[in-house]
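Please read the structure below before turning to the comments.
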Amino acid sequence: MEPLSIGKVKIETPVILAPMAAVNCASFRLLCREAGAGMVTTPMLVCNQVVANPEKIISRTCYLKEEKPISTQLLGSDRKLMEEATRIIDEFSDVIDINLGCPEKDALAIQAGAFFAKHPEQIEKAIAPVISATNKPVTAKIRTGWDEKSIKTLEIVRILEDLGIDAITIHARTKKQKYSGKADWDEIMKAKEQANVPIIGNGDIFVPGTAKAMMEQTRCDAIMVGRGAIGNPLIFRGIKALLETGQGLPEPTEQEKIDSFMRFLKYYKKHEKVRAFTELRQQAMWFTKGLRGARSLRDKLMRSQTVDEILSIYSNT
Ligand SMILES: Cc1cc2nc3c(=O)[nH]c(=O)nc-3n(C[C@H](O)[C@H](O)[C@H](O)COP(=O)(O)O)c2cc1C
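Using our numbering, read the sequence shown as starting at 416 and increasing by one per residue.
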């Protein structure tokens, strides 16, 4: 397993936490780093909002020095806003990533995200202002195209390389697929054959064995894990061990999973000052999925109102 270099940033373990809106709070990111992720990513930050309310967005993102290296993901398409948002988040970020794949209506409405899968000729307006506003490495995260009839992975990769991008993540699905169907890893493989910049493969890694399979099948330089890490940051421990030694680890025990959530709660209490309590409850639901006695735990969780109440529920398990 080779470390990954994105521009001047060296990432010891080429396994990255995917950007995930409403999931990647600082406490979760930190847990993923501790478990073995080589780099973590913020949820996407919409450039309009960053510029309109920088203090709020920065304090909500809650950058921690312990979680570095961190990539900040930006979504947008307006040149001025992209440039200004980049200047605002620059000092907190080791890498800046640009979202060219979000399929949601709000993103398409501002001609951003997966809009560019349909209009690759316009990608320049989201990328060039960011590159010109920072000395940090700039990466992009793409889908393979708008739908199965218009696969554009290789065209988009070429455009991004010409613009001077430092690495490209490929979520190997179309915009139309959203999260359904299977990710088409062949697109990652073809991009890797063509590209001169690092290619990060993404899509459908839920267990360590699949991480290894993606690296072997596509020869990508790094992998990115999203849903497989939700409520389960220990997945990074298993992936790292398997990639480093070729040997898998036993599944995390119930106790390890509870310990991991307790740690999450402690970080949450310490660091996250501006988040809605419902988000914490949601994290608790994810972390307790499948645990013994989960049903009664979840009932208690749904009634809880403070971090301390949740901590006491778990201290008594
Ligand atoms: C809850 C959730 C939020 C997401 N938010 C973002 C986001 O903010 N930016 C982004 O580029 N992708 C986002 N994604 C997509 C993931 O980064 C990733 O590309 C996708 O889930 C496929 O990887 P996986 O199969 O490992 O989950 C999100 C996915 C989920 C499930």
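Ideal Cβ placement from N, Cα and C applies to all residues, glycine included.
Item: From residue 544 to residue 597, what distance separates their C-alpha atoms?; Value: 34 angstroms
Item: Across which residues does DSSP place residue 514 in a beta bridge pair?; Value: 556
Item: What do you get for residue 482, buried or exposed, if any count of 16 or more other CB atoms within 10 angstroms of its CB means buried?; Value: buried
Item: What runs of the alpha helix (DSSP H), each 4 residues or longer, lie entirely inside the stretch 638 to 663?; Value: 650 to 660
Item: So is residue 636 buried or exposed if we call it buried at 16+ other beta carbons inside 10 Å?; Value: buried
Item: Considering only DSSP beta bridges, list what residue 527 is partnered with.; Value: DSSP lists no partner for residue 527.
Item: Quick check on the DSSP output: the beta strand (DSSP E) that includes residue 486 runs from which residue to which?; Value: 485 to 490
Item: With which residues is residue 456 paired in a DSSP beta bridge?; Value: 486
Item: Rounded C-beta distance between residue 493 and residue 434? I'm assuming under 8 angstroms.; Value: Their Cβ separation, rounded to whole angstroms, is 20 angstroms, which puts residue 493 and residue 434 out of contact at 8 angstroms.
Item: Can you give me the C-alpha to C-alpha distance between residue 712 and residue 645, rounded to a whole angstrom?; Value: 18 angstroms
Item: Who are the Cβ neighbours of residue 669 in its own chain at under 7 angstroms, not counting the five residues just before and after it?; Value: 706 and 707
Item: Output the distance between the C-alpha atoms of residue 682 and residue 542, rounded to the nearest integer angstrom.; Value: 34 angstroms
Item: Would residue 620 and residue 640 be called neighbours here (beta carbons separated by less than 8 angstroms)?; Value: yes
Item: Where in the stretch 586 to 635 do unbroken runs of the alpha helix (DSSP H), each at least 4 residues long, occur, reported from the N-terminal end onward?; Value: 600 to 609 and 623 to 633
Item: Any heavy atom of ligand 1 inside 7 angstroms of the beta-carbon of residue 437?; Value: yes
Item: Looking only at C-alpha atoms, which of 500, 426 and 431 sits nearest to residue 461?; Value: 500
Item: Looking at the secondary structure, which residues open and close the alpha helix (DSSP H) in which residue 673 lies?; Value: 669 to 686
Item: Assign residue 564 to one of three DSSP states: helix, strand, or coil.; Value: coil
Item: Do you know how far the Cα of residue 563 is from the Cα of residue 650?; Value: 31 angstroms
Item: Within this structure, are the beta carbons of residue 539 and residue 578 separated by less than 8 angstroms?; Value: yes
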